[in-house]
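Protein chains in written order, with this note's numbering: chain A, 1 to 245; chain B, 1001 to 1108.
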């Protein structure tokens, strides 16, 4: 996809990548807005969440916790954990963008998410990286917030949301985010499987949101199991990074 | 404390925390979080959370009891759309449409 050794990429090519990603994902805010209102959030709450959190998966996770009733705070913790990957993105994106001042970091931080990271990492030089990051961020942020409001207002007008199947929009989004992450290593299937078992087994007995948190020990469990002597196993040979394969 | 206030607290707390993660990544010198086991664990954490969220939201009632209903068929439709490499919104749309259709016709 990248023009490997070329010193800079044409601005037009960078913008095409950026707009493509920004528009395709940005319009999904409709699904979020609809799900949020279906889950019991007000239009204002859905809007503020998109504006301030601006991390799709975490937003859906919080809405799920609110929808289940009870105390939403354990759900917020799960949603927050889901956002932890953005810290790793920042580690990689930061040097590419060459952000030296605190003010620059503060301005860029809100926009360090899956999509902007993907576009930025695909660029061969700093100028293209900066352009790709900014253009993707701007398109995505504007569209995501606009379509969140549209979805929230639309769902409010529709009445009882579960009649329209909106209660399945959240899990469908999670599945869409999960499937690409499963590729590459067998240990990921194990983590997913153990997490599902842990969460479903504890769900009847614990307040909503807590079973999701109880699924996280699946990670150390699988990593420890994979470390045991059978050296020939693909899990052991996989090493660290996602891109290694 | 009213439920609405709790929801606002959860929203603002999560938003602040999400921004915290993002600024942390841009501020910490590379190398601190680059250790192999940290990278690996951090890459696997979303897998565990997303899998758990998908399962719980598809297979449990509001009170947490296990159940199978129209949502599972909707999720299967989303899975098929994903296999066909459909765009994000089409995946979600397929799930919503199948679930709504099954409820409308009274099948599930």
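No residue lacks a Cβ here, since even glycine has one placed at the ideal position from N, Cα and C.
Tell me which residues share the same chain as residue i and place their Cβ nearer than 8 Å to its Cβ, disregarding the 5 neighbours each side in the sequence.
{"i": "residue 51 of chain A", "result": "145"}
{"i": "residue 1178 of chain B", "result": "No answer is possible for residue 1178 of chain B: the residues shown for chain B start at 1001 and end at 1108."}
{"i": "residue 28 of chain A", "result": "56, 144, 147 and 173"}
{"i": "residue 1075 of chain B", "result": "1054, 1058 and 1095"}
{"i": "residue 59 of chain A", "result": "32, 36, 49, 50, 53 and 79"}
Nearest-angstrom Cα distance between residue i and residue j?
{"i": "residue 1039 of chain B", "j": "residue 1093 of chain B", "result": "33 Å"}
{"i": "residue 168 of chain A", "j": "residue 100 of chain A", "result": "43 Å"}
{"i": "residue 1086 of chain B", "j": "residue 1005 of chain B", "result": "39 Å"}
{"i": "residue 20 of chain A", "j": "residue 76 of chain A", "result": "31 Å"}
{"i": "residue 1011 of chain B", "j": "residue 69 of chain A", "result": "15 Å"}
{"i": "residue 153 of chain A", "j": "residue 1014 of chain B", "result": "23 Å"}
{"i": "residue 1065 of chain B", "j": "residue 1084 of chain B", "result": "32 Å"}
{"i": "residue 157 of chain A", "j": "residue 1104 of chain B", "result": "19 Å"}
{"i": "residue 1062 of chain B", "j": "residue 1082 of chain B", "result": "27 Å"}
{"i": "residue 1098 of chain B", "j": "residue 97 of chain A", "result": "43 Å"}
{"i": "residue 215 of chain A", "j": "residue 1044 of chain B", "result": "12 Å"}
{"i": "residue 1060 of chain B", "j": "residue 136 of chain A", "result": "37 Å"}
{"i": "residue 1107 of chain B", "j": "residue 1032 of chain B", "result": "54 Å"}
{"i": "residue 1042 of chain B", "j": "residue 1049 of chain B", "result": "11 Å"}
{"i": "residue 1036 of chain B", "j": "residue 210 of chain A", "result": "28 Å"}
{"i": "residue 119 of chain A", "j": "residue 159 of chain A", "result": "38 Å"}
{"i": "residue 307 of chain A", "j": "residue 71 of chain A", "result": "Coverage of chain A is limited to positions 1 through 245, which leaves residue 307 of chain A absent and any answer about it impossible."}
{"i": "residue 1002 of chain B", "j": "residue 1052 of chain B", "result": "28 Å"}
{"i": "residue 231 of chain A", "j": "residue 179 of chain A", "result": "Here the model assigns residue 231 of chain A a pLDDT of 46, short of 50, so the residue's position is not dependable and the matter cannot be decided."}
{"i": "residue 177 of chain A", "j": "residue 224 of chain A", "result": "25 Å"}
{"i": "residue 86 of chain A", "j": "residue 1100 of chain B", "result": "34 Å"}
{"i": "residue 202 of chain A", "j": "residue 39 of chain A", "result": "22 Å"}
{"i": "residue 1020 of chain B", "j": "residue 190 of chain A", "result": "30 Å"}
{"i": "residue 1079 of chain B", "j": "residue 1091 of chain B", "result": "8 Å"}
{"i": "residue 206 of chain A", "j": "residue 78 of chain A", "result": "14 Å"}
{"i": "residue 1017 of chain B", "j": "residue 227 of chain A", "result": "32 Å"}
{"i": "residue 73 of chain A", "j": "residue 1089 of chain B", "result": "29 Å"}
{"i": "residue 181 of chain A", "j": "residue 155 of chain A", "result": "30 Å"}
Given residue i, which residues of its chain have a CB within under 6 Å of its CB, disregarding the five upstream and five downstream residues?
{"i": "residue 89 of chain A", "result": "112 and 117"}
{"i": "residue 105 of chain A", "result": "99"}
{"i": "residue 1022 of chain B", "result": "none"}
Grab me the residues of residue i's own chain with a C-beta within less than 7 Å of its C-beta, minus the 5 sequence neighbours each way, in chain order.
{"i": "residue 30 of chain A", "result": "147, 150 and 151"}
{"i": "residue 110 of chain A", "result": "54"}
{"i": "residue 128 of chain A", "result": "8, 9 and 14"}
{"i": "residue 1009 of chain B", "result": "none"}
{"i": "residue 164 of chain A", "result": "158"}
{"i": "residue 237 of chain A", "result": "Unreliable positioning characterises residue 237 of chain A in this predicted model, as indicated by a pLDDT of 38, which lies under 50. The coordinate reading is nonetheless provided below. There are no such residues."}
{"i": "residue 1067 of chain B", "result": "1059, 1060 and 1061"}
{"i": "residue 219 of chain A", "result": "191"}
{"i": "residue 63 of chain A", "result": "35, 36, 39, 41 and 170"}
{"i": "residue 195 of chain A", "result": "215 and 218"}
{"i": "residue 139 of chain A", "result": "18, 19, 22, 23 and 26"}
Would you list the residues sitting across from residue i in a DSSP beta bridge?
{"i": "residue 1060 of chain B", "result": "B:1066"}
Using a C-beta to C-beta distance shorter than 7 Å, which residues of chain B count as neighbours of residue i?
{"i": "residue 246 of chain A", "result": "Chain A is shown from 1 up to 245; residue 246 of chain A falls before or after that span and cannot be answered."}
{"i": "residue 212 of chain A", "result": "1049, 1052, 1053 and 1056"}
{"i": "residue 123 of chain A", "result": "By Cβ distance, chain B contributes nothing, its closest Cβ being about 17 Å from residue 123 of chain A, past 7 Å."}
{"i": "residue 179 of chain A", "result": "1082"}
{"i": "residue 208 of chain A", "result": "1064"}
List the residues of chain A whose Cβ lies closer than 7 Å to the Cβ of residue i, in chain order.
{"i": "residue 1089 of chain B", "result": "27, 28 and 31"}
So with CB distances below 8 Å, who are the chain A contacts of residue i?
{"i": "residue 1023 of chain B", "result": "90, 105, 106 and 109"}
{"i": "residue 1060 of chain B", "result": "200, 203 and 204"}
{"i": "residue 1068 of chain B", "result": "None at all; the shortest Cβ gap to chain A is about 12 Å."}
Listing by chain order, which chain B residues have their CB less than 8 Å from the CB of residue i?
{"i": "residue 45 of chain A", "result": "1007, 1008 and 1011"}
{"i": "residue 153 of chain A", "result": "Result: empty, since nearest Cβ-Cβ is about 17 Å, beyond 8 Å."}
Note down, in chain order, every chain B residue with its Cβ under 9 Å from the Cβ of residue i.
{"i": "residue 37 of chain A", "result": "What residue 37 of chain A touches in chain B: nothing, since even the nearest Cβ is about 13 Å away."}
{"i": "residue 163 of chain A", "result": "1100, 1103 and 1104"}
{"i": "residue 135 of chain A", "result": "Per Cβ cutoff of 9 Å: no residues; residue 135 of chain A is ~18 Å from chain B at best."}
{"i": "residue 48 of chain A", "result": "1008, 1011, 1012 and 1015"}
Mind listing the chain A neighbours of residue i? Cutoff is C-beta to C-beta under 9 Å, in chain order.
{"i": "residue 1027 of chain B", "result": "90, 94, 102, 105 and 109"}
{"i": "residue 1108 of chain B", "result": "Result: empty, since nearest Cβ-Cβ is about 11 Å, beyond 9 Å."}
#### Entry: Contained alpha helix (DSSP H) runs [length at least 4] in the region 151–235 of chain A, N- to C-terminal order
169–182, 186–202, 210–214 and 218–226
### Task
Tell me the start and end of each unbroken beta strand (DSSP E) in the region 1063–1108 of chain B that is at least 3 residues and wholly inside, in chain order.
none
### Those runs of the alpha helix (DSSP H) which lie wholly inside the region 35–97 of chain A and span at least 4 residues
Correct list: 43–52, 56–67, 73–82 and 85–97.
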